[in-house]
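Quick notes on the structure that follows.
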Ligand SMILES: *Cc1c(COP(=O)(O)O)cnc(C)c1O
């Protein structure tokens, strides 16, 4: 691995990252950092994780050539070959329906290795909560999931799933009652119970070593896609696109291509009702650096440095911060970031459903919507890789409501 893709000894990617936490957590973070480094060097850990990723989570996930979508976005006729070739990395087909399981399995095994049998997690859309509850059921660990009251409302199905899997769901009524507040509560719990508890954080955010660790567990996405695309097309993609909430599916897709400078990375954030409206969740596009949840990174904040309330139609993108490594990618120019609105994301959602018979989650629908906007400006014969981070089952009610129709 190239050294410039490792954080420095203060846990920083360039200026971003670090460890801004109460003193009581410093020991636990140090312990976690060591345990993770040891696990990475331990062939038996790797073997067990790879076995579970394969037999339990269904990896490798397919890489699908989306020919209809490619034709549509190329403006090509039915008999013409499309000038763009779009491939979807099918994380929607992983167990529990999103990429979250990759990280949950990795950290679950790590927690067991640390002798910590009580697991806490936060969740927004509920996908990370479900993945964590799933892994805890399988590994026999206690599981408590913090979830904002607003998200509990809009993702009721996932709340029920977590309960069926044996997890306790604690509803968070503070602040904006969404993901940010759920993370605050989880951190509070961790401070109190740190000796018995592992905090299974769900995105590439938080204090060091979480952003590094989550990136490594999610890099299976990009590593597989790289190999699969080379086998299918004999070359690397020109573009790699992913949606960005905290940034874990994006960094997991991008990282294995970091040194392939011809591969352009595009992260797509949630512009909500519009970037200038204040009702959005695009930290890299509309924020500036500050400290949230233990790390220095791009952040939506007001003049006084207060964290702003966010909005996105997609609960999984509804977060005012972003992982430090993507902030570093932005500053260094390695990646570009764009944002699309709720309405555009709904168009992306319908586009994939109708052209390919794949109903995406609203999160990756943002990446698809941006690709549709970008397509006319992309050079002919470009190869495009999109991370389809999850499936749309969880979003049926939200979409029906947004379209103003009844579910049945
Ligand atoms: C959670 C989630 C996201 C956003 O999280 P990242 O850490 O930015 O990947 C994106 N897509 C799906 C399907 C999710 O469940």
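In the numbering used here, the protein residues as written are 23 to 430.
A virtual CB, placed ideally from N, CA and C, is assigned to each residue, including glycine.
As the structure is a computational prediction, the values presented were derived from the model and not from experiment.
Asked: Taking its Cβ as the centre, do 16 or more other Cβ atoms sit within 10 Å of residue 354, making it buried, or is it exposed?; Found: exposed
Asked: Can you list, in chain order, the residues of its chain whose CB lies under 6 Å from that of residue 278, leaving out five sequence neighbours each side?; Found: 241, 244, 245, 248
Asked: Report whether the distance from the Cβ of residue 149 to the nearest heavy atom of ligand 1 is below 8 Å.; Found: yes
Asked: Pick helix, strand or coil for residue 280, following the three-state DSSP scheme.; Found: coil
Asked: Alpha carbons only, please: which of 86, 259, 386 is nearest the one belonging to residue 285?; Found: 259
Asked: So is the beta-carbon of residue 277 under 8 Å away from any non-hydrogen atom of ligand 1?; Found: no
Asked: Starting from the C-beta of residue 271, find all residues in its chain whose C-beta is less than 6 Å away, skip the five residues before and the five after it, and write them out in chain order.; Found: 121, 264, 409, 411
Asked: If we ignore side chains and look at the alpha-carbon of each, how far apart do residue 182 and residue 159 end up?; Found: 15 Å
Asked: Please state the DSSP three-state secondary structure of residue 331.; Found: coil
Asked: To the nearest angstrom, how far is the alpha carbon of residue 227 from that of residue 352?; Found: 15 Å
Asked: Would you call the stretch 284-298 and the stretch 359-377 touching, i.e. three or more CB-CB distances under 8 Å?; Found: yes
Asked: In this structure, how does DSSP classify residue 142 when only helix, strand and coil are distinguished?; Found: strand
Asked: Taking contact to mean 3 or more Cβ pairs, one atom from each stretch, closer than 8 Å, check whether the stretch 80-98 and the stretch 130-142 are in contact.; Found: no
Asked: Any idea if residue 37 is buried or exposed, counting beta-carbon neighbours within 10 angstroms, 16 or more meaning buried?; Found: exposed
Asked: Mind listing, in chain order, the continuous alpha helix (DSSP H) runs of no fewer than 4 residues lying wholly within the stretch 62-105?; Found: 65-77, 89-96
Asked: On a Cα-Cα basis, can you pick out the residue from 157, 172, 256, 142 that is closest to residue 214?; Found: 142
Asked: Judging by CA-CA distance, which residue of 336, 309, 317 is the nearest neighbour of residue 325?; Found: 309
Asked: Do residue 107 and residue 405 have their C-beta atoms within less than 9 Å of each other?; Found: yes
Asked: Could you tell me which of 189, 224, 99 sits nearest to residue 149, measuring between CA atoms?; Found: 224
Asked: Any idea what DSSP makes of residue 46, helix, strand or coil?; Found: helix
Asked: Flag residue 284 as yes when its Cβ comes closer than 8 Å to any non-hydrogen atom of ligand 1, and as no otherwise.; Found: no
Asked: Assuming residue 237 and residue 273 make a contact with CB atoms under 8 Å, what is their CB distance in whole Å?; Found: 5 Å
Asked: Need the endpoints of the alpha helix (DSSP H) that residue 351 sits in, please.; Found: 346-354
Asked: Say yes only if the C-beta of residue 97 is nearer than 8 Å to one or more non-hydrogen atoms of ligand 1, and no if none qualify.; Found: no
Asked: Who are the near neighbours of residue 24 in its chain, counting only those whose CB is closer than 8 Å to its CB and skipping five residues on each side?; Found: In this prediction, residue 24 scores a pLDDT of 40, lower than 50, which makes its location untrustworthy; the coordinate-derived value is nonetheless stated afterwards. Hits under 8 Å: 280, 281.
Asked: Considering only the beta carbon of each residue, do residue 327 and residue 318 sit closer than 9 Å?; Found: no
Asked: Taking 9 Å as the cut-off, decide whether the C-beta atoms of residue 110 and residue 397 are in contact.; Found: no
Asked: Could you tell me the distance, in whole angstroms, from the CA atom of residue 192 to the CA atom of residue 170?; Found: 8 Å
Asked: Indicate, with yes or no, if ligand 1 has a heavy atom lying under 8 Å from the CB of residue 265.; Found: yes
Asked: Taking 7 Å as the limit between beta carbons, can you name the residues of its chain near residue 92, skipping five residues before and five after?; Found: 104, 106, 107, 108
Asked: Measure from the alpha carbon of residue 124 to the alpha carbon of each residue in 168, 62, 153, then state which is nearest.; Found: 153
Asked: Which class does residue 295 belong to by DSSP, given the choice of helix, strand or coil?; Found: coil
Asked: What distance in whole Å lies between the Cβ atoms of residue 144 and residue 204, which are believed to be in contact at a cut-off of 8 Å?; Found: 4 Å
Asked: Report the partner residues of residue 170 according to the DSSP bridge assignment.; Found: 194
Asked: Does the beta-carbon of residue 244, which I'm using as the reference point, lie nearer than 8 Å to any heavy atom of ligand 1?; Found: no
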